[in-house]
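All remarks here apply to the structure that follows.
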Amino acid sequence: MCQSQAESENNALIAGRRFRKAAAILSTATSALLLGFIATADAAVCNWQVANSIWSTPANWSCAASPGAADDAVINVGQNVDLDISPTVTKFTLANSAAILSGAGTLTSTSTFDLQAGAVSAKLDGNVGLNKTTGGTVTLSGANTYTGSTQVSAGTLTLGASNVIADASSLVVSGNNNVFNLGTNNDTVAGVQLLSGSIDGSGTLTSSSAFDLQSGTVNAKLGGNSIGLNKTTGGTVTLNGANTYTGSTQVSAGTLTLGASNVIADASSLVVSGNNNVFNLGTNNDTVAGVQLLSGSIDGSGTLTSNSAFDLQSGMVNAKLGGNVGLNKTTSGTVTLNNTNSYTGNSLVDAGILNFTGSNTHSADFTGNGTLQFGGGTQQFNSGSNIATANVVFSGGTNLVNPGATVASTDVLFSGGTNTINGNYSASNSTSVSGGIVNFSSSVASLFNLGSTFTISDGTVNLQRNSAQVSRYVQTGGILSGPGELAVQSAVLSGGEMRGPGRLIINGSGGSASDLLLNGNFILNNQSTVLNSGNVRVTSNASFIGNGTYRQTTGTTRVDGAWSQALTEIQAGSFGGNGTVSGPVINDGRVGSAGARLTLNGPVSGSGSYAGIVDINNSFSPGPGGSGIAAIDATAADLIFRPSSSLNLELGGVSGQLVTDSITARSIDIQGAQLNLQRLLSQPNFSPQQAFSQSVLLQTTSGSITGNFNQRISCPEGSSDMFVFSKQEKQLLLTMIPRLPNLVPADVQSLASALQQIDCSASTPANLQNLLNGLKPFLASGNSDASKVDQFISALRQISPGQIAAERTVSNQIARLQTSNIDQRLNTLRYASAGNSFNAPANISSSVANSLNTNTIQSTISSPNQANSISSPGGSSSLSAPSATGAPSANGISIQATTPEKDSQSSSTNPSSVSFSLNTGNDTDGTDLISGFSNLGLFINGQFEWADRTATIAQRGYASTMSAVTAGADYRLSKRLLLGLSAGYGSSSAVISQQGGSQKIDGYTLSAFGSLNLTDNWYVDLVNNLTYNQYDSKRTTVYRDANDRPINETAASLTDGWQNRTSLSSGYDIALKEWTFGLRGRTEYGYNFVNGREEQGAGLGMNMIIGDLDNQALSSSIGAMISHAMSTPIGVLVSQVNVEWEHQWFNKNSLITTRFVDAPNNSFTTNNFIIDKDYLNVRAGLSAQLPFGGSAFVQYDTTIGQQYISRHAFNIGIRMEF
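Numbered per my numbering, the sequence shown spans residues 38 to 1255.
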């Protein structure tokens, strides 16, 4: 046995034969005898050993002999082995990529050839097969005669020549990455099975039996006469070669994919079967003898051309179908065509469904007893194309039937997509629309027939054709629109919508049947519905709604459900039932029916009659409106005017006498409706020619007029006549009194309207009724005593709670006082340390003198007794705190002045200058404008103000006094930035003019403020505060009523509120010696909110509920100031004057909405104060910087230019540093 030592040690089988290795070292003759003996005794594995290349040389084998029939021959070294004999071995293994078996001999094996790597050009023989194993490549070049199968189970098996594999051998390729490669060669085998992997090369592989392709790729050509190809199992096979086999190509499992065009021979037919099985062209094109799709799909974007009619039974075609042939759909399944086809023949749909979803242009015919469906894409039917299948369904995409094309099916269904019919249309039985858009174009001229039944359940139908007639129309949903006219003999509408501007014509047969039955929810929009004859019924569970027009020229309409149209016009006939009607109704026929209750929720007009019970919830306007007086006959009706309704009656005059619309009914129930009087358009300024003129507005026959007009009674414009309404049991009269009360304030008008509503109420509270009884007699004498009218207006002015307006004005001033206190505090800091030049007197107090720096430059104050004099150009005068080192203090005032004239220098070349500085412990350069104070300061300010507001005809005045105190602390964060907090209290007392009562307001304020010096001359201040206010109001009403009874009632209330005010101001100062001139700008925003309250304590029902109040104001001001600083024995005094112009950008006050406590449902409004837009603020003050680190100020403040207000205020304050 031929083996190396290592092989022997690692092979249990060979290890038992180790003694044979020892025989190899004997002499050649002895070894031959020994090996011959052993060979007959035991089979050997003979490995090729590199010596010479001759097979028969014993020394070339590890077994020291040429392998025999009982031996395994193994070539696993890279050498060309010359098969010089034709031996037979048990097994042959080729296992080196450089190994070659060549020669003229034939190697016969009694077991399967195991080829792993290398090349074989010698012949291989035996009744065995060949197996390509491991990942290497084996090349076969000999004309092999072995008869078993050739299997590629690993790596690559390559043919180096044609006809290498015996014709009796079958080829089996398995393994995803394994390859059988023909190269450029051709070969014929008994059969081909591709389990996985690939068959490569450009040659032709011919099989004597059908190709069995399960998974993998075939790049070579497949050939065979009358031999087919079957794609089996669930994998994918890709064909890339130009195959020549002529049998059928069947896809019975998995996917067969074309990797190139013209892969299948034209003589081969394609058969696809199995629901999930696929024939995929990809982007390629191919032509076949025929195509049969039993199930599954034909995929790809390429074109599959057939030389015979396509036989499609079930499945999906995503590829394009082409050819000068037709298409047959003959079984019950569904076939979907998803691409753009180019076949030119007719399509027979005799069973099942043929569905087009790709984009196609059709010029041929569609016939058969099946269903033709167009479910997507764009379908165009050109002239000459006829759709004549038993059923046609347009379910998606865009479908265009061009002129000359015809739809002539028995039943047509539109369920989706956009469909335009420009050609002929004739459905012999029915047309149904369940989705999508259908346009019946006006260009359809020769033939248009919707069938005997037209049904819409969803989607949109646009009827452009002038006229269409059907026996029966059913709509359960969807939309019917367009200008066309649809005439029906009967219709059932249970849902959906009609849109115009077309018309639905009902030509019913009349009688007891419902020619138009509405038994669902239906919408009619922008379409005219005309009832020419017959009966229309809306059942109790149905609705007929929309913004269309329903016009009844005769017949009857019964509404037991919901009805809502943009216009319901009853020209004749009756319109009644137990339903609900919304939308405008013009009644020139009869509305309502005996024994029924009809509810009208929309505006009603017209001169027709009424019957039964009619419930009115909207406006009711007799007559045509604005053009004439109407008398409504409702003697067979009971009319109910609900609180949401309004009765609009017109008035005019005939020969100076008052005439009005009138209603005569069996009974009238007024449940708080609104009454509106309107003038005829033709008589906009009619006024009676006598003092009193009366007309009957409402009257009843057998019943009564019950209830009252509780809502606002609207009187007509055109004059200031007075209208008085009086209700009797069976009549409501209008009395018109000419009068011209020209000077009635708006709040008095609002109050009078509320009192009129209260007076109309069926349940007027007793207190308010007593109030009204004292007011109404003022008007009892008509126009004979105009002074009574003035007294009436004066009394109402006293009752109106105009005092409330003062609350917002006065409380706004409280917050403004707090802001002003802080502004003045910051101004005092600047004024006290403004740039000034002065000489301290020799007798300055020791406390001041001790604060002077004795170690400054030449001419500075150096001792308490030394006179301060400036004797050099660089000299200075300073006021500062001493330091231990003699250097300038970390905190102190430094006021410096250079006076060139002292040194006889020309002031023109060295002008006088002045500067000041604030040292904050980290800088001595003297650049801070706010100086002379320690980091922390405490202050307290107080202010007293008095103001008077003049009363006007529309507003009450008041006299108020206000006082405020503010205490706080400020802290200097750096040499330019100061921040602070403060708390304040303010109190105001006001006495209302005209004996109107009093008000007291207490305010509690928290403020935050800051000052920033942007440069030595320019500063910015910001103040923001929040104030909580408490209000104590006493509102007094004093007048004499119409019965000469003195009325003096006081209503008290307590409430609270809060307000916020933000002030941003800036200034720029220029110092000229002891004078400082500055420009000032300021913007303030304030928001004030007062909670509503309920008064108590007043009689005659004069306690009121006052709603929430709020105010927003934004103002800006610009101005200037001038100050003067001088030194005194007690400190530095600065006087200043400030004048600014202030403009109110807006001052928004919410309406003062008020209600009587006893009648909370009737509200009225009260005037707010008129706010001046522009005025001047003038301030004058004196501040002092004291030597012990404190400061104080006093200021006078007033406002000039306000029309109704005069105001004066004093402000004082002190500040201490630590």
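From the three backbone atoms N, C-alpha and C, an ideal C-beta is built for every residue, glycine too. These numbers were taken from a predicted model, which means no experiment stands behind them.
Query	Result
Own chain partners of N486 with C-beta closer than 8 Å, once the 5 adjacent residues on each side are dropped	Y462, S463, A464, S465
Between the CA atoms of A356 and T381 - distance to the nearest angstrom	16 Å
Euclidean distance between Cα positions of A988 and V1176	28 Å
Distance, T737 Cα to L635 Cα	19 Å
8 Å CB neighbourhood of S199 in its chain, flanking five on each side removed	N222, N223, D224, G240
Proximity below 8 Å, CB of N745 to CB of I707	yes
Rounded Cβ spacing between T243 and G261 (contact assumed at less than 8 Å)	5 Å
The stretch 1124-1137 contacting the stretch 859-869, beta-carbon criterion three pairs below 8 Å	no
Spatially closest choice to N1050 from L1059, I742, T1165, Q1133, by CA coordinates	L1059
Contact check, G1005 vs F976, beta carbons under 8 Å	yes
D204 vs A180 beta-carbon contact at 8 Å	no
Same chain, Cβ closer than 6 Å to Y1241, five either side skipped, listed in chain order	R986, T987
Neighbour-count burial assignment, F1225, 16 or more Cβ in a 10 Å radius	exposed
G253 vs V288 beta-carbon contact at 8 Å	no
Local conformation of Q806 per DSSP, three classes	helix
CB-CB length for A1089 against E1132, believed under 8 Å	6 Å
Assigned secondary structure, I202 (DSSP; H/G/I helix, E/B strand, else coil)	coil
G1021 and I1249 closer than 8 Å at C-beta	no
Alpha-carbon spacing of L374 relative to F403, whole angstroms	15 Å
Coarse secondary structure for K825, derived from DSSP in three states	helix
Cβ shell of S245 (< 8 Å), same chain only, five flanking positions each side left out	D204, T225, V226, A227, G228, G261, I264
Beta-ladder partner(s) of W1095, from DSSP	Y1065, F1126
Proximity below 8 Å, CB of G1023 to CB of L1213	no
Cβ distance (whole Å) where N1204 is taken to contact Q992 below 8 Å	6 Å
P621 in three-state terms, based on DSSP	coil
Inter-residue CB distance, G407 and V438 (contact presumed, cutoff 8 Å)	Not really, about 20 Å apart at Cβ, beyond 8 Å.
As assigned by DSSP and simplified to three states, the class of G240	coil
Sequence-distant residues of its chain with Cβ nearer than 6 Å to Q1149 (five each side left out)	Y1124, K1185
Y510 CB to nearest heavy atom of the ligand NAD below 7 Å	The ligand NAD is absent from the structure shown, which contains no ligand whatsoever.
3-residue-minimum beta strand (DSSP E) runs that sit fully inside the stretch 119-143, ordered along the chain	128-139
Segment limits, beta strand (DSSP E) that includes G643	641-643
Distance CB(D675)-CB(G740) smaller than 8 Å	yes
Which listed residue (S719, G395, R1117) has its alpha carbon closest to that of S1153	R1117
Reduced DSSP category for I795 - H, G, I as helix; E, B as strand; rest coil	helix
Exposure label - S857; buried when at least 16 CB within 10 Å	buried
T94 versus V315 - alpha carbon distance	58 Å
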